[in-house]
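Below is one structure, written out as structure tokens; the observations come after it.
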Amino acid sequence: MDATARMPDWLSRQATVGPTKTALVFDERAYTYRELLDASLQMKTLLQHSGVHSGDRVAVLSRSSHWFTLAVHGIMQADAVVVPLNRKLQRDELAYQLRDVDATTLLVDESMKEVAEQVLTAAGADARLVEAEHSAFEKPSDPRESLTLDGLHSILYTSGTTGFPKGAMLTNGTQWFSAAASMLTFGMMPDDEWLMPMPLFHVGGLASLMRTAIYGTTAVVHQQFDATRVHDELERRHITMLSVVPTMLQRMLAQMVKPRYETHLRAVLVGGSGVSSRLLQTALERGLPVHASYGLTEANSTTTVLRPTQLGSHIGSSGLPMPAVQVAIRLKDGTVAREPNRIGEILLAGPTIMAGYWRRPEATDQTIVDGWLHTGDIGSIAEDGHLTVLDRRNDLIVVGGENVYPAEVEGVLSACPGVVEAGVFGATHEELGQVPMAVVVLEADRVVLEEDMLQFCRERLAAYKCPRSIAVAEELPRNASGKLLRRKLQECIAPSAV
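The opening position of the sequence shown corresponds to residue 809 in the working numbering, with each subsequent residue numbered one higher.
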């Protein structure tokens, strides 16, 4: 397909073919597609009156998922580029992203105005501060009729788990093909409702939001995750799709009143990292059709999916590639593996891959080579095509010359009775270079001795892979998209143990 070819604007089309269909639900407020388009066009008019032009980068800072959704669609209607900012970041972190993306406008809701002013001052940027409340929106302008596949849709900053965040450029085509791949993987029905209790400013939330607009189905968004509220939504609404990270899934199971869910759910997408097979199996037994997935910002979220029927036979796997996604393994010598089960760097290709990093040509050329995205993650592909993600390359622990993949050790620890989840990192060792250390979260009101956990590992792992020490924490450090922050695990370990 010609990337410059034009196609109908998603929201405008849905407002034409299904104007009374529910597009967005937030608390007790519901928008039809016609109402959502009208609100988005009001936002567009406000932006244009504030000086926003086609192609401008408009940063969005909001506490409200409802307002954020209107802002995103308004920016799209103005043919500008969406730059979602993580409200959980500190002032200087936000200022860095605002400067780096050269935003012309910082769009905020009332609750974030004071923070936004501080960010603009710290950034020393020329960006305009535009405050918008729905009641103050301008008179609607005309809708955008069409878009191009190669048009820049959004710039999302990577989590920065391995250095300064970089802006991943996602196109309209990236969103379109991601939606198509998701539909072919999970199916799509006209009455689908997709519950999104996670932050929408991350790639998983934004991608899900765009998919519902492309399909013409309903997005149910929450201000923040609340397990009790998710339970209520599953009970009273026709929720067919649910997106969560492992921590959310754990909290849902911990607060379940009924022994088993009886819902309309067709798929529960578990993103992020560090999801244990045991957690997935428990969720499945409780009536949740969990699909483990592997994805990253640079690939617009999900790239591989492990279906519920495959959990038992493919323990630890991240599943098969979604339609249009290609996966390969790059070996140490730089060649692509031709045989199964070879360990190396995971490569991805296809129309869901980013266009590159914003104003970072060298980083782009290093990351995308001959159409293949070099993820920096280590994994292997089985004979039947299932991908197993072993670890991030930068998280690899080298013990006296032997490679230890934290994910492998975490998988064993997570299977230990009483352990909910585990995180493993490498601590500096004078003789061996590094040794594994672990932090675990235990089941509520459960006591498990460190020696019992260590013995559990010794019976299942080579000696050099076993943690030297295991600490217990209430939760593991993760970023807002659910990624385990291994560099922060050391803060959970007593200094004398490292």
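Each residue gets a CB set at the ideal place from its N, CA and C atoms; glycine is no exception.
Assumed close pair residue i, residue j - CB separation to whole angstroms, cut-off 8 Å
| i | j | result |
| --- | --- | --- |
| residue 1181 | residue 1155 | 7 Å |
| residue 828 | residue 837 | 16 Å between Cβ atoms; not a contact. |
| residue 826 | residue 851 | Their Cβ separation, rounded to whole angstroms, is 21 Å, which puts residue 826 and residue 851 out of contact at 8 Å. |
| residue 955 | residue 980 | 5 Å |
| residue 1133 | residue 1160 | 6 Å |
| residue 915 | residue 940 | 6 Å |
| residue 1094 | residue 1064 | 6 Å |
| residue 853 | residue 948 | 6 Å |
| residue 1060 | residue 1025 | Actually they do not touch by this definition, with Cβ atoms about 22 Å apart. |
Other residues of its chain near residue i: CB distance less than 7 Å, five sequence neighbours each side excluded
| i | result |
| --- | --- |
| residue 860 | 866, 886, 888, 912, 913 |
| residue 931 | 903, 906, 907 |
| residue 1124 | 1085, 1196, 1219 |
| residue 807 | The first residue shown for the chain is 809 and the last is 1306, placing residue 807 beyond what the model contains. |
Same chain, Cβ closer than 6 Å to residue i, neighbours up to 5 away in sequence not counted
| i | result |
| --- | --- |
| residue 875 | 917 |
| residue 983 | 961, 1018 |
| residue 1178 | none |
| residue 933 | 906, 907 |
| residue 1201 | 1184, 1186 |
| residue 921 | 939 |
| residue 993 | 1113, 1130 |
Under the three-state DSSP convention, the category residue i falls into
| i | result |
| --- | --- |
| residue 1193 | coil |
| residue 771 | One cannot answer for residue 771 here, as it falls past the ends of the chain, which runs 809 to 1306. |
| residue 1238 | coil |
| residue 771 | Any question about residue 771 goes unanswered here, given that the chain covers just 809 to 1306. |
| residue 1020 | helix |
| residue 1264 | helix |
| residue 1109 | strand |
| residue 1155 | strand |
| residue 1166 | coil |
| residue 817 | coil |
| residue 1295 | helix |
| residue 1258 | helix |
| residue 1121 | coil |
| residue 954 | strand |
| residue 1136 | strand |
| residue 1145 | coil |
| residue 991 | helix |
| residue 1005 | coil |
| residue 969 | Model confidence at residue 969 stands at a pLDDT of 47, short of 50, so the residue's coordinates are unreliable; what they give is reported in the following sentence. Correct three-state label for residue 969: coil. |
| residue 1245 | strand |
| residue 982 | helix |
| residue 1093 | helix |
| residue 823 | helix |
Residue from the options whose Cα sits closest to the Cα of residue i
| i | options | result |
| --- | --- | --- |
| residue 895 | 878, 883, 868 | 868 |
| residue 1055 | 812, 810, 934, 1285 | 1285 |
| residue 1231 | 1224, 1041, 1245 | 1245 |
| residue 1172 | 1008, 1235, 977, 1140 | 977 |
| residue 1098 | 940, 1122, 1073, 819 | 1073 |
| residue 924 | 950, 948, 897 | 897 |
| residue 1238 | 1207, 1260, 1033, 891 | 1207 |
| residue 1005 | 955, 1108, 901, 1077 | 1077 |
| residue 1022 | 1012, 1057, 991 | 991 |
| residue 989 | 1003, 1111, 1043 | 1111 |
| residue 1273 | 1242, 1250, 1292, 1027 | 1242 |
| residue 919 | 936, 935, 872 | 872 |
| residue 999 | 1027, 1013, 1011 | 1027 |
| residue 840 | 831, 847, 819, 1261 | 831 |
Neighbourhood of residue i by C-beta distance below 8 Å, restricted to the same chain and skipping five residues each side
| i | result |
| --- | --- |
| residue 1165 | 974, 975, 976, 977, 1171, 1172, 1175 |
| residue 1127 | 1099, 1100, 1101, 1102, 1112, 1113, 1114, 1115, 1118, 1194, 1195 |
Any chain B beta carbon closer than 8 Å to residue i
| i | result |
| --- | --- |
| residue 1239 | As a matter of chain content, chain B is missing from the structure shown, which is built from one protein chain. |
Check: residue i C-beta below 7 Å from any heavy atom of the ligand MG
| i | result |
| --- | --- |
| residue 884 | The ligand MG is not part of the structure shown, which contains no ligands of any sort. |
### 4-residue-minimum alpha helix (DSSP H) runs that sit fully inside the stretch 841-914, ordered along the chain
Secondary structure in the stretch 841-914: the alpha helix (DSSP H) runs of 4 residues or longer, each lying completely within the stretch, are 841-857, 873-885, 899-909 in chain order.
### Query
Which residue spans inside the stretch 1026-1078 form an unbroken beta strand (DSSP E) run of at least 3?
You should have 1026-1029, 1049-1052, 1075-1078.
### Query
What runs of the alpha helix (DSSP H), each 4 residues or longer, lie entirely inside the stretch 1170-1225?
As far as the stretch 1170-1225 is concerned, its whole alpha helix (DSSP H) runs of at least 4 residues are 1214-1222.
### Query
Going along the chain, which unbroken runs of the alpha helix (DSSP H) with 4 or more residues stay wholly within the stretch 916-950?
Segments of the alpha helix (DSSP H) lying fully in the stretch 916-950: 921-931.
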